[in-house]
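Here's the structure, in structure tokens; my notes come after.
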Amino acid sequence: MIQRVLREVEVAGWQAAIMPFSSRAAARRGIEDRHARGEFDKGFYEERIARWAGESDLEIPNPRSLFAVAVPDRPIRVRFKLQETTLATIVPPTYLHGERSDRAVEERIRKVLAPAGFAVARARGPTKAMATLSELAQYGRNNLAYVADLGSYHRPVVLVSDLPCEEAPRREPKALLRCSTCKACLAACPTQAIGEDRFLLHAERCLTFWNEKPPDVPFPAWVRPEWHNALVGCLLCQEVCPENRPFIESIVEGPSFDEEATRAFLAGVAKKDLPVEVQQTLEDWDLVDFLDVLPRNLGALVTKATSVRAKNAHKKREGRK
Ligand code: SF4
Ligand code: SF4
Numbered sequence: 093m094i095q096r097v098l099r100e101v102e103v104a105g106w107q108a109a110i111m112p113f114s115s116r117a118a119a120r121r122g123i124e125d126r127h128a129r130g131e132f133d134k135g136f137y138e139e140r141i142a143r144w145a146g147e148s149d150l151e152i153p154n155p156r157s158l159f160a161v162a163v164p165d166r167p168i169r170v171r172f173k174l175q176e177t178t179l180a181t182i183v184p185p186t187y188l189h190g191e192r193s194d195r196a197v198e199e200r201i202r203k204v205l206a207p208a209g210f211a212v213a214r215a216r217g218p219t220k221a222m223a224t225l226s227e228l229a230q231y232g233r234n235n236l237a238y239v240a241d242l243g244s245y246h247r248p249v250v251l252v253s254d255l256p257c258e259e260a261p262r263r264e265p266k267a268l269l270r271c272s273t274c275k276a277c278l279a280a281c282p283t284q285a286i287g288e289d290r291f292l293l294h295a296e297r298c299l300t301f302w303n304e305k306p307p308d309v310p311f312p313a314w315v316r317p318e319w320h321n322a323l324v325g326c327l328l329c330q331e332v333c334p335e336n337r338p339f340i341e342s343i344v345e346g347p348s349f350d351e352e353a354t355r356a357f358l359a360g361v362a363k364k365d366l367p368v369e370v371q372q373t374l375e376d377w378d379l380v381d382f383l384d385v386l387p388r389n390l391g392a393l394v395t396k397a398t399s400v401r402a403k404n405a406h407k408k409r410e411g412r413k
């Protein structure tokens, strides 16, 4: 039955591995141990991690196994017209169409397991930490989950099932072998979230932590304007990673918004007040949930682009002298 599930996943172009259900508790334990040792920033822990401890785990009765699945994903380019120029921005993998992708994984695996009398549901808990306790994924120095032939350009999803699993649990997550000799992401990270001092990310310094926050939270003063590089999240450490080299050029061309829409986004206009065709484009590209952070995040990218243009114009003028 396990082989049938794995074959079905492979047919869809995804990758998967099974692990014992106990791996969820092990993933949580690993995180809690780090917390007890004071390795997490307090704000980051409270905002992003503490909720896992309080989650109820009753997705299915008698859970026996977890399936970690990786669905290939690519950065998406979103263009905005402003002041007669076009600003090309990037949304890194995992942000868009996540719910659709997770549902597709769940449905495909259920199609195999349900006729044989087994239940399956999406597992609650720390997805990345669980996936890296399976044979599917390993941590990179940037603390993203890496999968063979997909690098970090995938969306991980974990399912819980009552299918028995004989696999021995992996006690500790593995790190990519390449990270022992490579520091490309460390050098590329502008915020020093990736440190020399330890493998665990200083997540409270990661741009992602800040530009995913609610729209009324401004960027801290130490975040320099030139560091912003994505509409949400940050792609810098993934772009330079040799593990991602094979697909670094494969960016999906996403939507383009005209000047009127761009100005409305920057002004924080609500979805219902946007032109119908703009609403539809936001729906089609799963961008609706990011509408509220656009005034801050897109605003930061516009400021950066304006300043770069001004500097280039200045250099050109100086060059003519
Ligand atoms: S996502 Fe950006 S800020 Fe975060 S670790 Fe990677 S390069 Fe640094
Ligand atoms: S850039 Fe190098 S050190 Fe960073 S995750 Fe990739 S292989 Fe590891």
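If you count the sequence shown from 1, position 5 lands on 97 in this note's numbering, and the numbers rise without skipping.
Glycine included, C-beta positions come from ideal geometry on N, C-alpha and C.
Whole-number beta carbon distance between residue j and residue i, since they are thought to touch under 8 angstroms
i	j	result
residue 174	residue 351	6 angstroms
residue 201	residue 97	6 angstroms
residue 267	residue 291	6 angstroms
residue 468	residue 389	Since the first and last residues shown for the chain are 93 and 413, residue 468 lies out of range.
residue 296	residue 125	No, residue 296 and residue 125 are not in contact; Cβ-Cβ is about 19 angstroms, not under 8 angstroms.
residue 253	residue 205	6 angstroms
residue 172	residue 398	Wrong, their Cβ atoms sit about 13 angstroms apart, outside the cutoff.
residue 214	residue 198	6 angstroms
residue 123	residue 141	6 angstroms
Helix, strand or coil at residue i [DSSP, three-state]
i	result
residue 164	strand
residue 193	helix
residue 360	coil
residue 263	coil
residue 118	helix
residue 251	strand
residue 111	strand
residue 285	coil
residue 392	helix
residue 172	strand
residue 342	coil
residue 243	strand
residue 332	coil
residue 158	strand
residue 214	strand
residue 324	coil
residue 383	helix
residue 182	strand
residue 207	helix
residue 34	Any property of residue 34 remains undetermined from this structure, which presents the chain solely from 93 to 413.
residue 132	coil
residue 104	coil
residue 148	coil
residue 373	helix
residue 399	helix
Minimum Cβ-Cβ distance from residue i to chain D less than 8 angstroms
i	result
residue 210	In the structure shown, chain D cannot be found, because there is only a single protein chain.
Contact test: residue i Cβ vs ligand 4 heavy atom, cutoff 7 angstroms
i	result
residue 234	With respect to ligand 4, the structure offers nothing, as its ligand set consists of ligand 1 and ligand 2.
Any 3 or more C-beta pairs closer than 8 angstroms across the region 328-347 and the region 230-249
yes
So does the region 269-286 actually touch the region 321-335, counting three or more Cβ pairs closer than 8 angstroms?
yes
Inspect the CB distances between the region 165-181 and the region 220-227 and report whether three or more fall short of 8 angstroms.
no
Between the region 152-167 and the region 103-117, do three or more beta carbon pairs fall short of 8 angstroms?
yes
So, do the region 246-260 and the region 342-356 have three or more beta carbon pairs nearer to each other than 8 angstroms?
no
Write down every uninterrupted run of the beta strand (DSSP E) in the region 287-322 whose length is 3 residues or greater and which is fully enclosed by it, in chain order.
none
How about the region 136-150 and the region 205-214: do they share at least three Cβ pairs that are nearer than 8 angstroms?
no
Any contact of the region 183-203 with the region 349-365, i.e. 3+ C-beta pairs under 8 angstroms?
no
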